[in-house]
Amino acid sequence: LARVFEATPPIVWVRGNAFQLESLKAVALRMLLHSPYYASRLAELDAGLMVPRQPGPCAFSGPVTILACRDNEGTFRLVEEVKTAAGEGRDSTASAGAVAIRDAEEA
36 LARVFEATPP IVWVRGNAFQ LESLKAVALR MLLHSPYYAS RLAELDAGLM VPRQPGPCAF
96 SGPVTILACR DNEGTFRLVE EVKTAAGEGR DSTASAGAVA IRDAEEA
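In my numbering, the protein residues as written are 36 to 142.
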């Protein structure tokens, strides 16, 4: 029993539209990773799961300013990831340099 519950952190279940979908995808992905078919084909799951009619990746169409609150732990790490992804995004016309990050308290 300890092997099941201590091997990986639990999946947080959030009941709210897109968040619930992400929680469900996390559960399904973890189950698939342990299935005999994908045990030898882990690379097929590297990109995660996609649900039909789920919105795909999006891109910025111009300069963007993201306001982040220092009191929200992890916020600045997340917006840095968004800034990096902006320069790599498909159909993105905004480079990573066109994404500004500002402290919400100073805005």
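Positions of the beta carbon are idealized from the N, C-alpha and C atoms, including for glycine.
Predicted model only: the values in this text are computed from it and were never measured.
Starting from the C-beta of residue i, find all residues in its chain whose C-beta is less than 8 Å away, skip the five residues before and the five after it, and write them out in chain order.
| i | result |
| --- | --- |
| Leu80 | Leu64, Leu67, Leu68 and Tyr73 |
| Ala133 | Phe95, Gly97, Pro98, Val99 and Ala121 |
| Gly83 | Lys60 and Leu64 |
Taking 9 Å as the threshold (C-beta atoms), are residue j and residue i in contact?
| i | j | result |
| --- | --- | --- |
| Val99 | Ala142 | no |
| Val49 | Glu57 | yes |
| Ile101 | Val117 | yes |
Helix, strand or coil for residue i? Go by DSSP, reduced to three states.
| i | result |
| --- | --- |
| Val134 | strand |
| Val99 | strand |
| Pro45 | coil |
| Glu115 | helix |
| Pro90 | coil |
| Ser58 | helix |
| Ala82 | coil |
| Arg65 | helix |
| Asn52 | helix |
| Glu108 | coil |
| Ala139 | helix |
Whole-angstrom Cβ separation of residue i and residue j, contact assumed at under 8 Å?
| i | j | result |
| --- | --- | --- |
| Asp138 | Arg88 | The Cβ separation is near 37 Å, so there is no contact. |
To which residues of the same chain is residue i closer than 7 Å at the C-beta, ignoring the five residues directly before and after it?
| i | result |
| --- | --- |
| Val62 | Ile46 |
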